[in-house]
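Trainee: Let me begin by handing over the structure; questions about it come next.
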Amino acid sequence: MLNNLIKENIVGLRTKVIFIRILMMVAILGLSYLSLSSSLITYGQSPETTNPQMKASGFIVVPIEQHLGDNKNDIFAPGFPFRGDISNTFNFTIDTTPVGQSYLLIQIFGSYSQGHTMNINGQNVTSPQGTIGNTGDGNWATLTVIIDDGILKAGSNNIQILRNIDSPDNFLIDNIVVNWQYQISQ
Numbered sequence: 011m012l013n014n015l016i017k018e019n020i021v022g023l024r025t026k027v028i029f030i031r032i033l034m035m036v037a038i039l040g041l042s043y044l045s046l047s048s049s050l051i052t053y054g055q056s057p058e059t060t061n062p063q064m065k066a067s068g069f070i071v072v073p074i075e076q077h078l079g080d081n082k083n084d085i086f087a088p089g090f091p092f093r094g095d096i097s098n099t100f101n102f103t104i105d106t107t108p109v110g111q112s113y114l115l116i117q118i119f120g121s122y123s124q125g126h127t128m129n130i131n132g133q134n135v136t137s138p139q140g141t142i143g144n145t146g147d148g149n150w151a152t153l154t155v156i157i158d159d160g161i162l163k164a165g166s167n168n169i170q171i172l173r174n175i176d177s178p179d180n181f182l183i184d185n186i187v188v189n190w191q192y193q194i195s196q
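Each residue of the sequence shown is one higher than the one before, counting from 11 in the working numbering.
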């Protein structure tokens, strides 16, 4: 019992370290993008427009912390409420107007099947086959989902995960990081 508790704490700590590293990479990439954009504009390397538009990136962490599956007892995770086939709907706010493609970083544990889907603002943002899944049984992973332009909007947004009911998969969703770009006024 004590060994299992220690193992669970180690898995939790590893997850938090990975998550912090991901957030740091997102921040560094966002700053690098800003630096590159402004230097390209300064040196006139944007010949296709006469009025170049600068972009910045923003992100928000949406804590999901839910257990999806067909067997509540398949994964011992007391901090992750069991929801069956459909997660709760989670709301988040974007304070700028997103432009272009965006992406999600999803922390998922224990999925070995494909076909799970995710809806943002009522629209399926995964492929028809589903892109969420197959992290390996008993493994944490961070998956990336590309979001088409026009799905995210300024103001209130929502996200929900649906389990592929044709799979025996039981998995945990921890956090989802939503990343987008927006125009900077000049």
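Just so you know, even glycine gets a beta-carbon here, dropped at the ideal spot from N, CA and C.
Hey, how far is the Cα of Thr103 from the Cα of Asp176?
Mentor: Reading the sequence shown from its first residue, position 93 is the one you call residue 103. Reading the sequence shown from its first residue, position 166 is the one you call residue 176. Between Thr103 and Asp176, the C-alpha separation is close to 33 Å.
Trainee: Taking Cβ positions, are Tyr113 and Asn189 nearer each other than 8 Å?
Mentor: By 1-based counting over the sequence shown, the position of residue 113 is 103. By 1-based counting over the sequence shown, the position of residue 189 is 179. With contacts defined as CB atoms closer than 8 Å, Tyr113 and Asn189 qualify as a contacting pair.
Trainee: Suppose you measure from the CA of Thr145 to the CA of Thr99; what does that come to, to the nearest Å?
Mentor: As a working note, residue 145 is residue 135 in the sequence shown. As a working note, residue 99 is residue 89 in the sequence shown. Straight-line Cα distance between these residues: approximately 23 Å.
Trainee: Does the stretch 151-165 touch the stretch 82-92, meaning 3 or more C-beta pairs lie closer than 8 Å?
Mentor: no
Trainee: To the nearest angstrom, report how far apart Gly68 and Val135 are at their CA atoms.
Mentor: Counting from 1 along the sequence shown, the entry for residue 68 is found at position 58. Counting from 1 along the sequence shown, the entry for residue 135 is found at position 125. Taking the straight line joining both Cα atoms gives about 19 Å.
Trainee: Based on the DSSP secondary-structure assignment, which residues constitute the bridge partners of Thr197?
Mentor: Because the chain spans 11 through 196 in this model, residue 197 falls outside it and cannot be assessed.
Trainee: Could you pull out every residue in the same chain whose Cβ sits closer than 6 Å to the Cβ of Thr127, ignoring the five residues on either side in sequence?
Mentor: On the sequence shown, residue 127 is found 117 positions in, with the first residue counted as 1. Hits under 6 Å: Asn134, Thr136, Gly140, Leu172.
Trainee: In the DSSP assignment, the beta strand (DSSP E) including Thr127 goes from what residue to what residue?
Mentor: Indexing the sequence shown from 1 puts residue 127 at position 117. 127-130 is the span of the beta strand (DSSP E), which, as asked, contains Thr127.
Trainee: Could you tell me which of Thr152, Gly120, Ile116 sits nearest to Val72, measuring between CA atoms?
Mentor: For the purposes of this step, residue 72 is taken as residue 62 along the sequence shown, with counting starting at 1. The option with the nearest alpha carbon to Val72 is Ile116.
Trainee: Using a 10 Å radius around the Cβ and a threshold of 16 neighbouring Cβ atoms, would you call Ile156 buried or exposed?
Mentor: For the purposes of this step, residue 156 is taken as the residue at position 146 of the sequence shown. Exposed, by the Cβ-count rule.
Trainee: For Phe92, which residues in the same chain have their Cβ closer than 7 Å to its Cβ, ignoring the five residues on either side in sequence?
Mentor: Locating residue 92 in the sequence shown gives position 82, where the first residue counts as 1. Here the set comprises His77, Lys82.
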